[in-house]
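Since the structure comes first, as structure tokens, the remarks are kept for the end.
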Amino acid sequence: MSVDDDFGRASLLELFREETLTQTQALSERLLALDRGAQDAATLEACMRAAHSLKGAARIVGVPQGVDIAGRMEDCFVAAQHGRQPLTPCHVDALLTGVDLLVRVGDPQTAASVAAHEIDAFAAALAAADAGPPGADPNANAGDGDAARDSGAGDASRADAAREDADVLAAANAGVDARDAEKNGDTIVGARDADHSDDVAGAGEGADFGASAGVRGAISRAGAPRAASAPTQDAPTHDAAPPSSRAPDADRASSQMRRVRADTLNRLLGLSGESLVESRWLKPFAESMLRVKRAQRDAARSLDSAVEALADDADPRVRGALNEVRQMFTDLQRTFAARLDELDRFERRSSHIAEQLYDEALQCRMRPFGDATRAYPRVVRDLARSLGKRVRFSIVGEATQVDRDILDMLDAPLGHLLRNAIDHGVEPPDVRLARGKPAEASVTLEARHSAGSLLVSVSDDGPGADLAAVRAAIVRHNLTDEDTAARLSDAELLEFLLLPGFSMRERVTDVSGRGVGLDAVQEMVKSVRGAVRIFNEPGLGMRFVLQLPLTLSVIRSLIVDVGGEPYAFPLVQVRRTLELDRADIDVLEGQQHFPLDDRRVGLVTAHQLLDAGELDESRPKTAVVVVGGEPETYGVAVDRFLGERMLVVQPLDGRLNKIQNIAAGALLENGDPVLIVDVEDLIRSIDKLIRGGQLAKVRRGDQDALARRAKRVLVVDDSLTVRELERKLLEKRGYDVTIAIDGMDGWNAIRGDSFDLVVTDIDMPRMDGIELVTLIKGDPLLKSVPVMIVSYKDRDEDRRRGLEAGADYYLAKGGFHDEALLDAVHDLIGDA
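First residue of the sequence shown: 1, per full-length UniProt numbering; consecutive thereafter.
Dropping the structure here:
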């Protein structure tokens, strides 16, 4: 047996015990808070996730008692979240009993003592709490527990299976040093690898797959318990390395391993990264010395010219002194050239050594992707069998090196994606055969490096996403109305799958339906400044791709100039860069756009977002960084591109709190500080500015002078046709026009900017035109702004209401024509 196996089997249940202690302690504290009446949504959510995570961890390590107990608790919290069953003191008592049972189940020494009748008593207590206080019908909700989770006689067999697992795994006695090291926050590293560098991690917010990193790591080394007992014909296929090739003998492996604290490795990587950056300072310094050398050469030539000019007239002593200076210049040039050669050689050696040091330090933090995947074949097999499906599971790129922190964070997201592929993605065998596909479905997990990023994908060969069903689910969840949903593109529809609480299932099952899966994937990826891409091929399958940085300590960045200061965009979040001709900039709905890949992309200025002065208007083209995903894709205008750099991430001082749109800092090769842009925060800021109608605009060539003198008109109308007609008429006459889509949007716009005239409709959602006019005329700062109402309503009553609210002009759309509108505007504010 290899050392990996020893450590994994010896620590598997120990890691589960530690996770159980952590989560049950949190559950106890929050249950007591709930008992005191603080039944807020955040506390219930935290309790549900803790129970959900414990259920997943128990399922992975093979403790069905824990799955049953935690699952019942999760159902109770979900019912409270949805308002179906408020938690009462009786519920809290029963749930605390469940916490005590979980503590015992999680301890290998006491797990076997948990009898089936104790779990039955806990289930009965929950059912009684659901039924209400004493005196109520005790059978009113007695079946709820059974309906939510199949228990009964099966509990005894599951308890026997758990005791068998505990007996087998508790019998292992190797790897004590590794277990002690992990308890102390140490990391076991080898002479050339970090295969044994698992820390005991807290439980993630994962689903059934999402056990803690420590439990997952132990399973990946020990293998899933009792996997060989199942029939093989339905199991997913996965080629494993022969046991003899997995590790050297135990003594030799032990002699090559040392305990190193994880924070020590982090500091080592940080220092090596700084050393790498500092070594790169030598090259620009050497280049500056070359400029000094050229200046010295020019000075020597000038001296030579002076000596030649004075050759006949100068005093011999002067000529002698000048010749001596010439010789000194010659010697100095020779010495300087030699020193420059030495500096150049030193720079090359220093950079090479710094790169080697950084690579070696980085390798200490890197682990093969396969360390995180050894438990998945068994888990996929069990889930597929439980759903009546046949799945061939493949893992590609197990040797791909991944940062240990990212690898630990990937555990829960990959579990969600695999569950999604099996439950939602692939079809049952009979359906596949009817569609002309093999009865056995295919699910593939792949990891690879590409363009300085880590790409992790989960793909299946199912029918792909049913976009019509997605559209219906969006409407069913009240995320948008039917008309808007009908206009959404395929890519925009798929983005909804990543929203919190969104699920394609109308009924909650033990596997899915809670809507806490794919949004957890999105949150994890965003937390490391990555991106999620969804590819859908109707009839052929789906693929989720996670684009992640190779390491969290150093990032590849695009350096840009904004207002004379450098800023860094993480390359993993940059979709494209381009030099945009200003003639390609157009205005739609009051916002600037430009064409990109047969679509229109909104344009904003980094100067407004980063509070960095004004955009450099002297250049004929505008440098644009395209960021975001579907449907929120934006072009951020910057002054110029400065190139690509590897930056060592330096967290900002905590006393600064969170700086808007900024994630961290770094140093350039010359020592200048650079701020790293928080792209997700940047997109939120753009959305906020759009809602407020406060986006600054990029000047479009010969429109500069016109824009400086043009009077500004705010057009407020919920009809796209009317808005665009009025905008084009007014802009053609020379006015600067801003668009608002309803009264509320118009009110926000006029409060955030200055206008010479407001043109508004009456009938609009959220706030009608009469209310908007009343607010404007009631504001001491805005009441002087003239307001024109343009409405289809031409009754005297409507005209009177508008004028009484304070409107300066009322124009009926029924008699509307181009000159009527322009004449009315001219009467109110004059020429543009």
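Even glycine gets a Cβ: it sits at the ideal position worked out from N, Cα and C.
- When secondary structure is reduced to three states using DSSP, S553 falls in the coil class, being assigned neither helix nor strand.
- Boundaries of the beta strand (DSSP E) harbouring D581: 574-581, taken from the DSSP string.
- With respect to the 8 Å criterion, G397 and F369 are classified as neighbours on the basis of their beta carbons.
- Here the alpha carbon of R301 sits roughly 10 Å from the alpha carbon of A295.
- Under the DSSP assignment, V78 falls in the alpha helix (DSSP H) whose first and last residues are 64-81.
- Within the stretch 430-510, complete beta strand (DSSP E) segments of at least 3 residues are found at 441-450, 453-460, given in chain order.
- Cα atoms of V638 and K793: separation of roughly 46 Å, rounded to the nearest angstrom.
- Secondary structure at D100: helix, using DSSP grouped into helix, strand and coil.
- With 16 or more other CB atoms across the displayed protein chains lying within 10 angstroms of its CB, N420 is buried.
- DSSP places H593 outside any alpha helix (DSSP H); the residue lies instead in the beta strand (DSSP E), whose first and last residues are 591-596.
- Here DSSP, grouped into helix, strand and coil, assigns V698 to coil.
- If you look at R334, you'll find it in the alpha helix (DSSP H) that goes 316-365.
- Excluding its 5 nearest sequence neighbours in each direction, M542 has C-beta neighbours in its own chain below 8 Å: A421, G425, S459, D460, G462, G464, A465, I534, F535, N536, listed in chain order.
- Where S791 is concerned, there is no enclosing alpha helix (DSSP H), although the beta strand (DSSP E) around it starts and stops at 787-791.
- When Cβ pairs closer than 8 Å are counted between the two stretches, the stretch 48-62 is seen to touch the stretch 10-24, the count reaching three or more.
- Excluding five sequence positions before and after L828, the CB atoms of its chain that fall closer than 7 Å to its own CB belong to L757, P786, M788, D808, Y809, given in chain order.
- Around P673, the same chain offers G665, L667 as residues with beta carbons nearer than 7 Å, after the five sequence neighbours per side are excluded.
- By the neighbour-count criterion, in which a residue is buried when 16 or more other Cβ atoms sit within 10 angstroms of its Cβ, D315 is exposed.
- Where M764 is concerned, there is no enclosing beta strand (DSSP E), because DSSP gives it neither an H nor an E.
- For E278, the enclosing alpha helix (DSSP H) has its first and last residue at 262-279.
- Relative to Q23, the option among L101, P64, A824 whose CA is nearest is L101.
- Restricting attention to T373, A70, A486, D35, the CA atom closest to the CA of R49 is found in A70.
- The Cβ atoms of V443 and F393 sit closer than 8 Å to each other.
- Under the DSSP assignment, L126 falls in the alpha helix (DSSP H) whose first and last residues are 116-131.
- With the rule of 3 Cβ pairs closer than 8 Å, the stretch 604-611 counts as touching the stretch 677-692.
- The three-state secondary structure of K621, taken from DSSP, is strand.
- When DSSP states are grouped into helix, strand and coil, P89 belongs to the helix group.
- If you draw a straight line from the Cα of F122 to the Cα of R378, it is about 30 Å long.
- Within the same chain, Cβ atoms closer than 6 Å to the Cβ of L445 are found at I395, V458, the five residues on either side in sequence being excluded.
- Rounded to whole angstroms, the gap between the alpha carbons of V604 and S288 is 37 Å.
- R104 has its alpha-carbon roughly 27 Å from the corresponding atom of Q39.
- Ranking A41, A42, C47 by CA distance to the CA of L31 puts C47 first.
- Under the DSSP definition of a beta bridge, G370 lacks any partner.
- The straight-line gap separating the alpha-carbon atoms of L95 and D107 is approximately 19 Å.
- Fewer than three beta-carbon pairs drawn from the stretch 331-351 and the stretch 379-389 are found closer than 8 Å, and the two stretches are therefore not classed as touching.
- For N536, the uninterrupted beta strand (DSSP E) run begins and ends at 531-537, by DSSP.
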